[in-house]
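Each residue of the sequence shown is one higher than the one before, starting from 184 at the first, in this note's numbering.
Ideal placement from N, C-alpha and C gives every residue a C-beta, glycine not left out.
The structure displayed is predicted, hence computed values, not measured ones.
To start, the structure itself, in structure tokens.
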Amino acid sequence: MAEPVRTAVFPVAGLGTRFLPATKVLPKEMLPVVDKPLIHYAVAEALEAGIEEIVLVIGPAKSLTEDYFKGAPALERALAERGKKAEIVAVSEDLPAPQKLSFVRQEEPLGLGHAVWCARQYAAGGPFAVVLPDDLILARPGCLRQMMEVYAALGGNLVATEDVPREHTNRYGILDVVEDDGRLARARGLVEKPDPAQAPSTLSIIGRYILQPDVFEHLDKQERGAGGEIQLTDAMAATIGDVPFHGLRFAGRRFDCGGKLGFIEANLAFALERQDLAPGVRDFLKGYG
Ligand code: UTP
């Protein structure tokens, strides 16, 4: 049995340049899909998967994200006075207890690997998860929970994966696959953003990881990779051989909310999941057929 995963790290200290000008003041993870910020979905997915400790890696400025996770007693009182029970649930459900939540600052956006390294004091004690809120996943059970089930049997490093068109391999970390049963693939290597012609496969890593703490030994070296950034993919690749590395094609649909098209698609898809909104959205879309 693999050692249980209790901690999840949420790196949200990037610049979010694809969402400027909104991200000039609004952290990307606070963009709402329908009515909930991306970070709320991500944290709820982790709690559903049994995660006990939530660590957010945020940028150096004072952050709305920190405020969002604080209790809102005055608002809850005002809602109670107005008998707004559903709204009281909405502001507090799926949020971690304050003592289970920590914030770490990444002073400079030096890359995803560096952001994870910033959380080492919380994460280095055992296996841990990394969740990128911009990859919003519509799945039941959630993607991380599906991964936990596979991880319990396999151990090692496990990432969520998706097949991408070959012309898009230069946007993702790509697995060099040795075995593949259509659901689970075992990798002998990883390459960050390879040119389509050089990509060892078209199986891409998306923003859910379960990692062994050994990855910190490599992140400690602070080596720069693709784009001059300290890449998580490079540190994970360096551990292959010491620990097995698998990619899981999860059941569900991923929306790349780091970009505008994915974000718009996510809003439509999540609205279509809601009884109160689906008929109106369908009617609206008919007009655009
Ligand atoms: P992205 O690659 O989407 O980068 O990061 P970004 O900077 O947020 O967005 P663009 O490309 O400029 O529009 C993936 C995740 O890793 C975090 C981001 O906040 C996002 O959740 N990240 C990235 C960090 O926390 N620190 C970094 O140095 C880089």
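Alpha carbon of residue i to alpha carbon of residue j, nearest angstrom
| i | j | result |
| --- | --- | --- |
| L247 | K376 | 31 angstroms |
| A449 | E362 | 32 angstroms |
| A322 | E259 | 30 angstroms |
| P279 | L230 | 8 angstroms |
| G470 | L386 | 36 angstroms |
| T200 | T206 | 7 angstroms |
| T416 | G309 | 19 angstroms |
| A185 | P204 | 44 angstroms |
| A421 | A343 | 18 angstroms |
| G408 | G296 | 10 angstroms |
| V347 | D425 | 28 angstroms |
| G254 | S275 | 8 angstroms |
| P379 | A269 | 49 angstroms |
Per-residue burial, residue i [other beta carbons within 10 Å of its own, 16 or more giving buried]
| i | result |
| --- | --- |
| R391 | buried |
| F467 | exposed |
| S384 | buried |
| I241 | buried |
| L314 | Rather than Leu, the amino acid found at residue 314 in this sequence is Val. Answer is buried; the Cβ neighbour count reaches 16. |
Residue from the options with nearest C-alpha to residue i
| i | options | result |
| --- | --- | --- |
| L209 | A280, L198 and A312 | L198 |
| S285 | A269, I389, G435 and T190 | T190 |
| E236 | Q304, M213 and K267 | Q304 |
| Q430 | Q395, E345, R265 and P281 | Contrary to the premise, residue 430 reads as Gly rather than Gln in this sequence. Looking at the Cα atoms, E345 is the closest of the given residues. |
| F334 | D250, P316, E350 and A368 | With the sequence shown as reference, residue 334 is identified as Tyr, and Phe is not the correct amino acid for it. Taking only the C-alpha atoms, the option nearest Y334 is A368. |
| V238 | D218, V192, D250 and D277 | V192 |
| A302 | E228, F399 and N340 | F399 |
Short Cβ contact (8 angstroms threshold) for residue i with residue j
| i | j | result |
| --- | --- | --- |
| I423 | R371 | yes |
| P194 | A307 | no |
| L293 | I388 | no |
| D317 | G441 | yes |
| V216 | I393 | no |
Practice task
For the region 375 to 462, list the alpha helix (DSSP H) runs that are entirely contained and at least 4 residues long, ordered along the chain.
Solution key: 398 to 402, 415 to 422 and 443 to 455
Problem - Those runs of the beta strand (DSSP E) which lie wholly inside the region 198 to 258 and span at least 3 residues - result: 236 to 241
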